[in-house]
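Structure first, commentary second.
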Amino acid sequence: MIESGTMEIQAAVARKAHGDFTVETVKLADLAPDEVLVRMVATGVCHTDLSVVEGILPLPLPLVPGHEGAGVIERVGADVRGLAPGDPVVLTFSSCGECPSCTDNHPAYCDHYAALNFATRRPDGSATLSDASGHALGGVFFSQSSFATYAIATPKNIVKVRADAPLALLGPLGCGLSTGAGTVFNVLKPTPDTTLAVVGAGALGMAAIMAAKILGVRRIVALDRVASRLDLARELGASDTIDTLAQDPAEALAALGGIDQAIDTSGVPRLIEAAVGALRTRGTCVLLGASAQTDLHLNVMQMIGGKSVRGVVNGDCEPGELIPKLIDLHMEGRFPMERLVDYYPLRDINRAVADSRSGRVIKPIVTFE
Ligand SMILES: [Zn+2]
Ligand SMILES: [Zn+2]
């Protein structure tokens, strides 16, 4: 239960597995000394939010998801330094800052990643949210639970951003877009001569395509089953496209002469296996997408040729470096993320989810004004 000093906010609550969100008036706890209260302007909808509802990410419900928040700092706790009311910020994943991965500049692999981002309670076990009947709700999702008009975050998952950037657009940089772009910039580092396949032209895939174009990669192959997404992928930098419903992906990749690198955002074993099968010697396939299907079949003899299959979390990025860099690129017109988004007021969040699932919108953004 929440103690005194709470404020009433509006939030989208996931109450039942496979159910709709309910938009409710809920109570947000008072700030702890190391926390920051953020008035949310907009929050992107990511598949990880939907994974909670779908049971792929099995967290206890009811819960307020949301982990691509953008907003303005309203208040800072007594122990917080370097952040102030009025600062425009993007919220991202949380990390401890002290474990071996964090001190080695790989905070996405923080030893405490699950505890900090999926605990649904504060580290001391207290709840940050309660419903109208006084029952505690799961909060602290990615240290934010930002499907709400206000969110409690911590300095570790807050990135201050330039004031002239369009704040309502920026939330998806906190997860999906930094995951796709970070995988290209930080992990695969393709050269202009690299042939890169991107499986799934959703938000992660489009961010990867835009990042690869920034690096001058000439052959970028986009694979998807939605024709309009393949058209947009071409506009954003793909040189070739494969319609995975109309064409056999393995044959189509072979017809292109194979690939050096692949980024899978689909989580679909059939597509991952096609991408791995198309890898040239020393090629790498990176797995970003989760799905209910988790088992892969790999051919040992094919893999021995120096090939790698690896997973990547959050683009292996330092959010404090990558997010401002992507905003600068956006402001220069080189990372046109506005092409991916549609805006939905909070009361229409279920329509945003439905449009995301159907493929009608690539990156829905929920707004709070
Ligand atoms: Zn850590
Ligand atoms: Zn996400």
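Last residue of the sequence shown? That's 438 in the numbering used here, and every number before it is there in order.
For every residue, glycine included, the Cβ atom is placed at its ideal position computed from N, Cα and C.
Annotation for threonine 252 indicates a beta carbon at 6 Å or more from all heavy atoms of ligand 2.
For the options Ala359, Ser360, Lys376 and Ala315, the alpha carbon positioned closest to that of alanine 344 is the one of Lys376. A distance criterion of 6 Å places the beta-carbon of serine 163 beyond contact range of ligand 1, judged by its closest non-hydrogen atom.
Proximity of the segment 346 to 355 to the segment 323 to 331 meets the contact definition, three or more beta-carbon pairs being nearer than 8 Å.
With a cutoff of 7 Å on beta-carbon distance, glycine 138 and glycine 240 are scored as near each other. Residue state for serine 170 is assigned as helix, using DSSP reduced to three classes. In the three-state reduction of the DSSP assignment, leucine 314 falls in the coil class, being assigned neither a helical nor a strand state. Using a 10 angstroms sphere on the CB of methionine 109, the tally of other CB atoms reaches 16 or more, which defines it as buried. Residue environment analysis places glutamate 387 among the buried positions, since at least 16 neighbouring C-beta atoms fall within 10 angstroms of its C-beta. Bounds of any beta strand (DSSP E) do not take in alanine 188, whose DSSP letter is neither H nor E. Note on the segment 221 to 272: whole alpha helix (DSSP H) runs with a minimum of 4 residues are 236 to 239 and 245 to 251, in chain order.
In the structure shown, the three-state DSSP call for glutamine 362 is coil. Excluding sequence positions up to five before and after glycine 124, its CB lies within less than 7 Å of the CB of Ala86, all in the same chain and listed in chain order. In the displayed model, arginine 420 falls within a helix according to three-state DSSP. Listed by position along the chain, the residues with Cβ atoms less than 6 Å from a non-hydrogen atom of ligand 2 are Cys115, Thr117, His136, Cys244 and Gly245. CA-CA distance, valine 435 to proline 157, rounds to 17 Å. DSSP places glutamate 143 inside the beta strand (DSSP E), whose first and last residues are 138 to 145. Comparing C-alpha distances from asparagine 226 to each of Ala280, Pro414, His136 and Leu198 shows the shortest one belongs to His136. Looking from the CA of glutamine 330, the closest CA among Pro261, Arg303 and Leu305 belongs to Pro261.
When DSSP states are grouped into helix, strand and coil, proline 433 belongs to the strand group. DSSP places leucine 106 inside the beta strand (DSSP E), whose first and last residues are 105 to 113. Cysteine 179 has its Cβ nearer than 6 Å to a heavy atom of ligand 1. In terms of Cα proximity to methionine 76, the closest of Gly274, Thr94 and Arg408 is Thr94. In this structure, cysteine 168 has its beta carbon less than 6 Å from a heavy atom of ligand 1.
One Cα belongs to aspartate 317, the other to alanine 217, and the distance between them is close to 43 Å.
Taken through DSSP and simplified to helix, strand or coil, leucine 128 comes out as coil.
Within 6 Å of the C-beta of cysteine 171 there is at least one heavy atom belonging to ligand 1. Between glycine 249 and leucine 265, the gap from beta carbon to beta carbon reaches 7 Å or more.
Distance from the CA of aspartate 385 to the CA of glutamine 371, rounded to the nearest whole angstrom, comes to 27 Å. Distances from the alpha-carbon of leucine 367 to those of Ala361, Val105, Ile341 and Val382 put Ile341 closest. For proline 433 and leucine 305, the gap between their C-alpha atoms comes out near 18 Å.
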